[in-house]
Amino acid sequence: MIFITVAIIFFLDRFTKIYFDNNLPLNHQVPLIKGVLSFTLVHNRGAAFGMLMNQLPVFIFSALLAIILIYFNLKKNRGRGLSLYNFSLSLILAGALGNLFDRIRFGYVIDFIDLGFWPVFNIADSAITLGAILLGWHILFAGQKDKTCIL
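Just so you know, we're using the numbering used here here: the sequence shown kicks off at 31 and counts up by one.
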């Protein structure tokens, strides 16, 4: 189930990035729900909120390190099924792979979801954020007692 989760998120991220990169002019905003949600194609050469602009080697190294650490942690916990802990790491892994793919192939990350009040982001960013929230929840409230499968 971990592989399936990572594959689904990765391919959904790739599909949406390819679609918007091919069908939306750079920095052009297409409102979907006026004042709430738009699609705006952005080529992000920085990290969250545009920090560390043009630091590609740092981003590639940190993503590779995170991917390796998450992979070995998931491998170690393989027998637990898709627990909340493993699911959260799977989301983070899929998001890291999606954005790493962009950085290696293009030198930037393709972003397109625009809420207006937040920097433009993508499916990979959403997976990383949701995974981090779930991981934090697990660490704070469930701890190592959580052996239940969520899928």
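Even glycine gets a Cβ: it sits at the ideal position worked out from N, Cα and C.
Given the structure is predicted, the values throughout are model-derived calculations rather than measurements.
Check	Outcome
With H, G and I counted as helix, E and B as strand and the rest as coil, what does DSSP make of Phe102?	helix
Please go through the same chain and pick out, in chain order, the residues whose beta-carbon is closer than 8 Å to the beta-carbon of Arg44, but skip the five residues on each side of it.	Gly128 and Phe131
Quick check on DSSP: helix, strand or coil for Thr178?	Summary for Thr178: the model assigns pLDDT 47, below 50, so the residue's position carries little reliability; its value from the coordinates is reported in the next sentence. Residue state, collapsed to three classes: coil.
Just mark Tyr115 as buried or exposed, buried being the case when its beta carbon has 16 or more other beta carbons within 10 Å.	buried
How is the alpha helix (DSSP H) around Asn116 delimited, first residue to last?	Leu114 to Phe136
What's the call for Asn10, buried or exposed, on a 16-neighbour Cβ count within 10 Å?	With the chain running from 31 to 181 in the structure shown, residue 10 is simply not present.
Should Leu99 and Ile158 be called a contact, given that it needs their Cβ atoms to be closer than 8 Å?	no
Could you round the C-beta distance between Ile153 and Ile90 to whole angstroms and report it? I think they count as a contact, below 8 Å.	Their Cβ separation, rounded to whole angstroms, is 20 Å, which puts Ile153 and Ile90 out of contact at 8 Å.
Could you give the residue range of the alpha helix (DSSP H) that holds Val36?	Ile32 to Asn53
Less than 8 Å between the C-beta atoms of Leu86 and Phe69, yes or no?	no
What did DSSP end up calling Leu62 once you bin it into helix, strand or coil?	strand
List the endpoints of the continuous alpha helix (DSSP H) containing Ile143.	No alpha helix (DSSP H) contains Ile143, which is instead part of the beta strand (DSSP E) from Val139 to Asp144.
Just to confirm before moving on: does the CB-CB distance between His58 and Ile140 stay below 8 Å?	no
Nearest to Ile32 by CA position, among Leu123, Lys47, Lys64 and Leu42, is which residue?	Leu123
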